[in-house]
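Participant: Let me begin by handing over the structure; questions about it come next.
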Amino acid sequence: MVRFLDAMSDGFEAELAALLSMKREDSPDVDATVEAILADVRKRGDAALIELTARFDGMELTPERLAFSEEEIAAAVASVPPDERSALELAAERIRAYHERQMPRDESWTDAQGATLGWRWSAVGAAGLYVPGGRASYPSSVLMNAIPARVAGVERLVVTAPTPGGVTNPLVILAAQLSGVDKIYRVGGAQAIAALAYGTETIAAVDKITGPGNAYVAAAKRRVFGRVGIDMIAGPSEIVVIADGDNDPDWIALDLLSQAEHDESAQSVLITTDRDMAERVMVAVEARLENLSRREIARASWEGCGAVIVVRDLDEAARLADRFAPEHLELCVADPETLAGRIRNAGAIFLGAWTPEAIGDYVGGPNHVLPTARSARFSSGLSVMDFLKRTTMARMTPEALRAVGPAAETLARSESLEAHGLSVRARLDRLN
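Structure below.
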């Protein structure tokens with residue numbers, strides 16, 4: 003049975019604390035293995051990459067076959083059914099339009115002392131996007147990672163997408179094509195992260211790596227951070243739904259299961275002001291689990307990590323949502339905008355009963371690469387900003403230097419950095 007918490011009960015705070023602190027991430031001790039893989043690829047390049055791909059993915063490659071050829075790409079794209087192609091094109095169009103609005107402006111101004119100050123934005127030179135293979139091969143993630151990079155102005159954009167046993171997802175290939183990806187490499191795991199970070203004879207190193215992966219990919223991204231930028235270390239998916247009594251319990255049940263079906267460690271939480279609604283949703287979840295194609299995964303997630311919480315009012319619901327800081331937050335209430343204004347921590351908010359989280363996964367427009375494991379308290383979802391760098395600009399005139407230079411000299415002297423102060427004093431002396 004799923005956990006049932008009542009905010010009015012004496013033991014509620016202890017039960018909630020246990021729920022918030024539970025460890026859901028499947029984190030086997032892979033660090034030593036990943037360290038060896040990174041070192042091997044860094045040392046032997048293509049040869050290591052090819053050997054590791056044969057060992058882990060059952061694929062015999064050569065340097066010439068690390069990347070998909072134009073003919074292979076064309077054949078894969080041609081095999082996509084028309085309805086799936088149209089759906090992917092619509093998603094790409096909406097994602098691109100949304101992210102184009104995120105582009106920041108350069109700024110420049112002259113202050114009262116005559117100094118010209120400002121900043122400019124520029125894209126990273128090259129980005130590598132990791133796309134999982136096997137069961138977790140999602141073309142929507144290609145769009146969500148690649149389109150913001152292109153909108154930001156990234157010049158070289160490559161994808162690594164493992165093809166275990168030689169099996170390719172044509173929709174992934176089409177998504178890469180629609181997003182303007184330059185190269186698609188059929189490699190995965192920690193070895194793909196190593197190739198993107200350090201480069202090999204065939205795969206040039208990039209400046210930033212984004213995209214989800216398994217424990218080995220996550221560990222590899224942690225280790226190469228600093229040499230390259232990364233987006234985040236993604237954990238299991240999660241959703242919190244705040245619902246009042248005026249909802250279809252089957253809709254709410256399906257929204258909860260939309261995350262539970264991802265994997266056994268995903269978390270789905272219902273917070274409601276209506277005890278009857280709570281009970282009806284739990285019944286609806288059980289009914290849907292009878293026939294759901296991924297029912298074993300969804301049930302393990304629901305019973306192992308899920309929860310139903312009854313609260314006094316929506317103010318208390320908002321406070322709880324902030325403590326969960328969920329990846330996805332649905333507000334199925336009469337006035338979702340007002341409730342959203344009371345909530346600080348969420349990766350993405352879906353307003354109203356007609357806005358299921360699944361729309362955000364595919365065609366809503368906002369990015370579905372979002373902070374998990376309560377990291378929405380301090381981080382944001384993927385955007386064009388992840389592929390941009392801000393460079394500050396400053397220009398002093400002689401008059402501006404005369405006005406502010408003495409203060410800089412004083413502060414340099416207070417920090418015992420003599421040359422700092424002298425570099426300013428030399429110029430001020432010239433003005434006398």
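Residue numbers (our numbering): 3 to 434.
For glycine and all other residues, C-beta sits at the position ideal for the given N, C-alpha and C.
So for MET146, helix, strand or coil by DSSP?
Facilitator: Locating residue 146 in the sequence shown gives position 144, where the first residue counts as 1. If DSSP states are grouped into helix, strand and coil, MET146 belongs with the helices.
Participant: Using C-beta distances below 8 Å, list every residue in its chain close to SER139, excluding the 5 sequence neighbours before and after it, in chain order.
Facilitator: The residue given as residue 139 occupies position 137 in the sequence shown. Taken in chain order, the residues that qualify are VAL133, ALA163, ASN171, VAL174.
Participant: Helix or strand or just coil, what does DSSP make of ILE75?
Facilitator: As a working mapping, residue 75 is identified with position 73 in the sequence shown. DSSP places ILE75 in helix when its eight states are reduced to three.
Participant: Which complete alpha helix (DSSP H) runs does the region 27-112 hold, if anything under 4 residues is left out?
Facilitator: 33-46, 48-59, 72-80, 84-102
Participant: Ordered along the chain, which non-local residues of its own chain (more than five positions away) have a Cβ less than 6 Å from that of ALA199?
Facilitator: In the sequence shown, the residue the question calls residue 199 occupies position 197. Excluding five sequence positions before and after ALA199, the CB atoms of its chain that fall closer than 6 Å to its own CB belong to VAL226, ARG229, VAL230, given in chain order.
Participant: Just to confirm, is the Cβ distance from SER239 to GLU157 under 8 Å?
Facilitator: Start at 1 with the first residue of the sequence shown, and residue 239 comes out as number 237. Start at 1 with the first residue of the sequence shown, and residue 157 comes out as number 155. Result no, Cβ atoms of SER239 and GLU157 do not sit closer than 8 Å.
Participant: Can you give the beta carbon distance from GLY215 to PRO166, rounded, assuming they're within the 8 Å contact cut?
Facilitator: Walking along the sequence shown from the start, residue 215 turns up at place 213. Walking along the sequence shown from the start, residue 166 turns up at place 164. With a Cβ gap of about 14 Å, GLY215 and PRO166 do not count as contacting.
Participant: Could you pull out every residue in the same chain whose Cβ sits closer than 8 Å to the Cβ of LEU145, ignoring the five residues on either side in sequence?
Facilitator: In the sequence shown, the residue the question calls residue 145 occupies position 143. Result list for LEU145: LEU90, ALA93, ALA94, ILE97, ALA177, LEU180, SER181, in chain order.
Participant: Curious, which full-length beta strand (DSSP E) runs of at least 3 residues does the region 353-412 contain?
Facilitator: You should have 390-397.
Participant: In or out: LEU384 buried (at least 16 other Cβ within 10 Å) or exposed?
Facilitator: Position 382 of the sequence shown, counted from the start, is the residue given in the question as residue 384. When all chains shown are included, LEU384 counts as buried.
Participant: Is ALA348 near LEU331, with beta carbons less than 8 Å apart?
Facilitator: The residue you call residue 348 lines up with position 346 of the sequence shown. The residue you call residue 331 lines up with position 329 of the sequence shown. In this structure, LEU331 lies closer than 8 Å to ALA348 by Cβ.
Participant: Whole-angstrom Cβ separation of VAL386 and VAL153, contact assumed at under 8 Å?
Facilitator: Numbered from 1 along the sequence shown, position 384 holds the residue referred to as residue 386. Numbered from 1 along the sequence shown, position 151 holds the residue referred to as residue 153. Rounded, the Cβ-Cβ distance is 5 Å, consistent with contact.
Participant: Threshold first: 4 residues or longer. Then list the alpha helix (DSSP H) segments lying entirely within the region 200-249, N to C.
Facilitator: 217-226
Participant: Looking at C-alpha atoms only, which residue of ALA255, ASP233, ASP315, ARG296 is the closest neighbour of SER382?
Facilitator: On the sequence shown, residue 382 is found 380 positions in, with the first residue counted as 1. When only C-alpha atoms are compared, the closest one is ASP233.
Participant: Residues in the same chain with beta-carbon distance under 7 Å from GLY127, minus the five sequence neighbours each way, listed in chain order, please.
Facilitator: Walking along the sequence shown from the start, residue 127 turns up at place 125. Cβ neighbours of GLY127 within its own chain (closer than 7 Å, five residues either side excluded): GLU157, ARG158, ASP209.
Participant: Should THR412 and TRP121 be called a contact, given that it needs their Cβ atoms to be closer than 8 Å?
Facilitator: Looking up residue 412 in the sequence shown gives position 410. Looking up residue 121 in the sequence shown gives position 119. Taking 8 Å as the Cβ cut-off, THR412 and TRP121 do not qualify as a contacting pair.
Participant: Secondary structure at ASP8, three-state DSSP: helix, strand or coil?
Facilitator: As a first step, residue 8 must be located in the sequence shown, where it is residue number 6. In the structure shown, ASP8 falls within a strand segment according to DSSP collapsed to helix, strand and coil.
Participant: According to DSSP, simplified to helix, strand and coil, what is LEU131?
Facilitator: Here residue 131 corresponds to residue number 129 of the sequence shown, with the count starting at 1. If DSSP states are grouped into helix, strand and coil, LEU131 belongs with the strands.
Participant: With distance defined between alpha-carbon atoms, name the residue in ASP315, VAL285, ILE75, GLU266 nearest to ARG301.
Facilitator: The sequence position of residue 301 within the sequence shown is 299, counting from 1. For ARG301, the nearest C-alpha among the options comes from GLU266.
Participant: Determine the direct distance from the alpha carbon of PRO141 to that of ALA194, and round the result to whole angstroms.
Facilitator: Mapped onto the sequence shown, residue 194 falls at position 192. Mapped onto the sequence shown, residue 141 falls at position 139. Whole-angstrom Cα-Cα distance: 18 Å.
Participant: Should TRP111 go down as buried or exposed, given a rule of 16 or more other Cβ atoms within 10 Å for buried?
Facilitator: The residue given as residue 111 occupies position 109 in the sequence shown. It is exposed - the Cβ of TRP111 has fewer than 16 other Cβ atoms within 10 Å.
Participant: Do you know how far the Cα of ALA396 is from the Cα of HIS422?
Facilitator: Along the sequence shown, one-based indexing puts residue 422 at 420. Along the sequence shown, one-based indexing puts residue 396 at 394. Roughly 17 Å between the two C-alpha positions.
Participant: Is DSSP giving LEU1 helix, strand or coil here?
Facilitator: Residue 1 falls outside the range modelled here, since the chain spans only 3 to 434, and no answer is possible.
Participant: Going by the beta-carbon positions, is the gap between TYR187 and ILE205 smaller than 8 Å?
Facilitator: In the sequence shown, residue 187 corresponds to position 185, counting from 1. In the sequence shown, residue 205 corresponds to position 203, counting from 1. The answer is yes: Cβ separation under 8 Å.
Participant: Within the 8 Å Cβ cut-off, does LEU259 reach chain C?
Facilitator: Considering every chain present, this structure includes no chain C. It has just one protein chain.
Participant: So GLY354 packs on CYS334, CB below 8 Å; how close in whole Å?
Facilitator: Here residue 354 refers to the residue found at position 352 of the sequence shown. Here residue 334 refers to the residue found at position 332 of the sequence shown. Yes, they are in contact, since the Cβ atoms of GLY354 and CYS334 sit about 7 Å apart, within 8 Å.
Participant: How about ASP12 and VAL312: do their beta carbons lie closer than 8 Å?
Facilitator: Within the sequence shown, numbered from 1, the residue matching residue 12 stands at position 10. Within the sequence shown, numbered from 1, the residue matching residue 312 stands at position 310. It is not a contact, given that the beta carbons lie outside the stated cut-off.
Participant: Would DSSP call GLN115 helix, strand or coil?
Facilitator: In the sequence shown, the residue the question calls residue 115 occupies position 113. Reduced to three states, the DSSP call for GLN115 is coil.
Participant: From the DSSP output, which residues share a beta bridge with THR162?
Facilitator: By one-based count along the sequence shown, residue 162 stands at place 160. THR162 is bridged to TYR132, TYR187.
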